[in-house]
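**Student:**
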Amino acid sequence: GEDVEQSLFLSVREGDSSVINCTYTDSSSTYLYWYKQEPGAGLQLLTYIFSNMDMKQDQRLTVLLNKKDKHLSLRIADTQTGDSAIYFCAESPNNTNAGKSTFGDGTTLTVKP
Amino acid sequence: GAVVSQHPSRVICKSGTSVKIECRSLDFQATTMFWYRQFPKKSLMLMATSNEGSKATYEQGVEKDKFLINHASLTLSTLTVTSAHPEDSSFYICSAHILSGGLAKNIQYFGAGTRLSVL
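For the record, the sequence lines run as chains Y and E. Going from the first sequence to the working numbering is simple: count from 1 and add 33. Going from the second sequence to the working numbering is simple: count from 1 and add 362.
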């Protein structure tokens, strides 16, 4: 079945850039998502990218997609302590059923002052 | 963005009782909602897809008689954990699906989750 993999932990200093990486196996993925989860909370959609795009930028967030290598990354510029959270990468194989998204195990981002 | 409200945020109950969790889309209609379970430091496990006006679709290995789902309106889905046992203790999260304009949007918006503790 589909698989999404992420590194489990990332630690950066406040003000630095964070790059969270994700790889997926489903070549039919149409949508790729990044979610943020703070302790005890649900998931917050940060951004998403269509598979026909290579890059998407939204304020401090930049998403890069390499379809050939099935690699997705999320770059957070000027990382702040409030960015500390778990970040989930997810992919959806078609354009009608986001609920069938496959999630990675999440990357815990720790931002040190 | 769209708002999904999930209630209660936390519940503690005795073994053998049933617990109902509500998921509401506040500013949009959702024909499809999803229920997930999340174990500590783990990813989300899709339990079932809740379809308004029809039966829910359960993922393999999820007991439909144990986890009752009702989606009676376009803004409300409920998950009832029947005869809860300590192994049912977990974080349950719902989401509502917006499908707009074909490829224009295919987005899930999540509730804040419900922490269930069964004693």
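C-beta: ideal position from N, C-alpha, C; glycine also.
1. Can you give me the start and stop residues for the beta strand (DSSP E) that Y:L79 sits inside?
2. Determine the chain Y residues that contact E:Y471 at a beta-carbon separation under 8 angstroms, and present them in chain order.
3. Distance check for Y:P126 and Y:D59, CA to CA, integer angstroms please.
4. Quick check: the Cα distance between Y:I119 and Y:F42, rounded to an integer number of angstroms?
5. If you reduce the DSSP assignment to three classes, tell me which class Y:K145 lands in.
6. State buried or exposed for E:I374, treating a residue as buried only when at least 16 other CB atoms are found within 10 Å of its CB.
7. Keeping to the same chain, check which residues put their C-beta closer than 6 angstroms to that of Y:N153; ignore five residues upstream and five downstream.
8. Assuming Y:L159 is part of the beta strand (DSSP E), what are its boundary residues?
9. With E:H447 as the anchor, note down where its beta strand (DSSP E) starts and where it stops.
10. My understanding is that Y:T56 touches Y:E35, with C-beta atoms under 8 angstroms, so please give their C-beta distance in whole angstroms.
11. Between the alpha carbons of E:Q368 and E:I383, how many angstroms are there, rounded?
12. Of all the CB atoms in chain Y, is at least one closer than 9 angstroms to the CB of E:C455?
**Tutor:** Once the coordinates are examined:
1. Within the first sequence, the letter at position 46 stands for residue 79 of chain Y. Run containing Y:L79: 76 to 83, per the beta strand (DSSP E) assignment.
2. Counted from its first residue, the second sequence places residue 471 of chain E at position 109. Result: L78.
3. Sequence index remark: in the first sequence, residue 59 of chain Y carries index 26 (1-based). Sequence index remark: in the first sequence, residue 126 of chain Y carries index 93 (1-based). If you take the alpha carbons of Y:D59 and Y:P126, they lie about 7 angstroms apart.
4. Residue mapping note: residue 119 of chain Y aligns to position 86 of the first sequence, counting from 1. Residue mapping note: residue 42 of chain Y aligns to position 9 of the first sequence, counting from 1. Looking at the two C-alpha atoms, the distance is approximately 9 angstroms.
5. By one-based count along the first sequence, residue 145 of chain Y stands at place 112. The answer is strand: DSSP assigns Y:K145 an E or B state.
6. Numbered from 1 along the second sequence, position 12 holds the residue referred to as residue 374 of chain E. The residue in question, E:I374, is exposed, as its Cβ has fewer than 16 Cβ neighbours within 10 Å.
7. Examination of residue 153 of chain Y is not possible in this model, given that chain Y is present from 34 through 146 alone.
8. Residue 159 of chain Y lies beyond the stretch modelled for chain Y, which goes from 34 to 146, so this question has no answer here.
9. Position 85 of the second sequence, counted from the first residue, corresponds to residue 447 of chain E. Element bounds for E:H447: n/a, residue is neither H nor E.
10. The sequence position of residue 56 of chain Y within the first sequence is 23, counting from 1. The sequence position of residue 35 of chain Y within the first sequence is 2, counting from 1. In fact, because the Cβ distance is near 12 angstroms, the residues do not count as touching under 8 angstroms.
11. The count along the second sequence starts at 1 and reaches residue 368 of chain E at position 6. The count along the second sequence starts at 1 and reaches residue 383 of chain E at position 21. Near 7 angstroms, if we compare the C-alpha coordinates of E:I383 and E:Q368.
12. On the second sequence, position 93 is the one that residue 455 of chain E refers to. Rather than Cys, the amino acid found at residue 455 of chain E in this sequence is Ile. It does; some Cβ of chain Y falls within 9 angstroms.
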